[in-house]
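What follows is one structure encoded as C-alpha cells, with my remarks underneath.
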C-alpha cells in the first residue's frame, strides 16, 4: 500500500489501524510516520503540535494525539538506523569468512513477505536451497510447498533445475542478507475443463448498530499479459451489475433483508466464456459509509465452483481486515501458457470503496506484477 503523502509503498501495518479521529469518516492514506510528522510539525526550530487530521482537517483530541504517538513509539516495524549503521561498521563479513566468491554475505537474516504485510524471518546459514526455504515457510504458515509462489526481483524461484532433480540454491538468485522475497499463496487451480462452471462469490453481512449500510463486494477485470498487464477493463459492483458483451458474468446488486438486518451480494463468472484478453479477476470488499469493515457484524463469504460447492476457493478471514476500509481478498489469474485459472490469496488492505475506487486500483497496480510472472 502506497502512502499518499511520502509516496512510498509500505506494509499495511505501517498505517494507522483505525481512523485518526473519531470524527474522521475515512481510513488514513497517510502512513503512521507521516501522520506523526504532521502532528509534531516544526516551524523553524520550534516544534508545534498540529491538532488536526492531515487529510480531512478534523480536530484531534489530546488523547487521540497521545495514542498516535504511543503507537508510533511501540511500532514493531521501526528501524534503529543508528544501531544498524554501527553494527555494519563494526562487522566486516570478509574478515570473518562470511562472503561467497562474489562478495555476497552468506550469513544473516533474510525475509519472506506475504501480500497482507506478514513478514517471515529466516537465516541464510540455516537455509541454502529454494526447496529448504519452502519447507521452512510451510512449518511457519502451514501453506503446502506446491501452493507457494516465491518471487525475488521479478523472477519466480524454481525448486529444481530444468535439467534434472538438482535443487537450486538461494545464492543462484542472488539472495543475500536483508533480501526480501515475495510469497504468493495459490489457493486453488481451475483447469480449462472445470472453468465452464460459474465461479461464484457469495457475501453476507449484518447491518451496523445504527442504520443500514453496505459491505460492497466488487470484482475488477484486468486484461493483458507481459508488458500489457495491469489494465483495468471492467468493474462489476452494486450498480454495474451486467454488460451486454459479457453475458455470462453478473453481480446481484444490493439484496437487502431489512427485517433480519442482513445484506447480500453475489458475483458469478463463467471463466471459459470471458474474453480471451481478460487475465485477472480481483475480488474486493469495501465499506460504504462505515469507516472500516469491522463495523459490520457477522460478515461471511464463500467463493466456490458450483460443481464442487463444498470446496472453499478463498479462505480469507474477513475479521483480518476489520480495521481497514477495503481489502483485496483474492485474485483469479489465468496462466498464459495453458489457459488454466489459479486462485491466489491476497488479503491486501487498502483505502477506498465503491464511492472512490482510485486507492484500490492503486493498491492493485502496485502488486499486479506478481500475478503476471
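Numbering (our numbering), first residue to last: 1079 to 1451.
The beta carbon of each residue, even a glycine, is placed where N, CA and C say it ideally should be.
From a predicted model like this one, the values you see are computed outputs, not experimental measurements.
Can you name the residues that DSSP bridges to residue i?
i, result
"residue 1234", "1229"
"residue 1261", "1192 and 1228"
"residue 1423", "1263 and 1408"
"residue 1198", "1190"
"residue 1340", "1284 and 1335"
"residue 1294", "1364"
"residue 1278", "1346 and 1382"
"residue 1428", "1404"
"residue 1309", "1301"
"residue 1447", "Per DSSP, none; premise fails for residue 1447."
"residue 1240", "For residue 1240, which the question treats as bridged, DSSP gives no partner whatsoever."
"residue 1083", "None; residue 1083 has no bridge partner."
Step through the CB atoms of chain B and report whether any lies within less than 8 Å of the CB of residue i.
i, result
"residue 1115", "In the structure shown, chain B does not exist; there is a single protein chain."
DSSP on residue i, reduced to helix/strand/coil?
i, result
"residue 1355", "coil"
"residue 1442", "helix"
"residue 1147", "helix"
"residue 1285", "coil"
"residue 1347", "strand"
"residue 1251", "helix"
"residue 1204", "coil"
"residue 1110", "helix"
"residue 1100", "coil"
"residue 1434", "strand"
"residue 1314", "strand"
"residue 1211", "helix"
"residue 1324", "strand"
"residue 1301", "strand"
"residue 1115", "helix"
"residue 1217", "helix"
"residue 1167", "Residue placement at residue 1167 cannot be trusted, given a pLDDT of 39 that sits under 50; what the coordinates show is reported in the next sentence. DSSP places residue 1167 in helix when its eight states are reduced to three."
"residue 1159", "Residue placement at residue 1159 is flagged as unreliable, the pLDDT there being 34, under the threshold of 50; the coordinate-derived value follows with that caveat. Here residue 1159 sits in helix by DSSP."
"residue 1132", "coil"
Kindly list the residues whose CB is nearer than 7 Å to the CB of residue i, restricted to its own chain and excluding five residues on each side of it in sequence; keep chain order.
i, result
"residue 1225", "1263 and 1264"
"residue 1110", "1092, 1093, 1094, 1149, 1150 and 1153"
"residue 1301", "1309, 1311, 1355, 1356 and 1357"
"residue 1439", "1310"
"residue 1376", "1284"
Skipping 5 residues on each side, what residues in its chain have a beta carbon closer than 6 Å to that of residue i?
i, result
"residue 1386", "none"
"residue 1189", "1197, 1199 and 1258"
"residue 1285", "1339"
"residue 1297", "1314, 1345, 1359 and 1361"
"residue 1192", "1261"
"residue 1281", "1295, 1343 and 1379"
"residue 1211", "1205"
"residue 1320", "1328"
What distance in whole Å lies between the Cβ atoms of residue j and residue i, which are believed to be in contact at a cut-off of 8 Å?
i, j, result
"residue 1410", "residue 1359", "4 Å"
"residue 1229", "residue 1448", "6 Å"
"residue 1445", "residue 1279", "Wrong, their Cβ atoms sit about 20 Å apart, outside the cutoff."
"residue 1370", "residue 1400", "6 Å"
"residue 1084", "residue 1131", "With a Cβ gap of about 17 Å, residue 1084 and residue 1131 do not count as contacting."
"residue 1398", "residue 1425", "6 Å"
"residue 1383", "residue 1277", "6 Å"
"residue 1098", "residue 1107", "Incorrect: roughly 11 Å between the Cβ atoms, too far for contact."
Quick one: what's got a C-beta closer than 8 Å to residue i's C-beta in the same chain, skipping five residues either side?
i, result
"residue 1244", "1238"
"residue 1366", "1291, 1292, 1293, 1294, 1431, 1432 and 1433"
"residue 1216", "1222, 1223 and 1226"
"residue 1330", "1319, 1342, 1343, 1344 and 1345"
Q) What are the start and end residues of each continuous beta strand (DSSP E) run of 3 or more residues lying completely inside the region 1351-1414, in chain order? A) 1356-1365, 1378-1382 and 1404-1412
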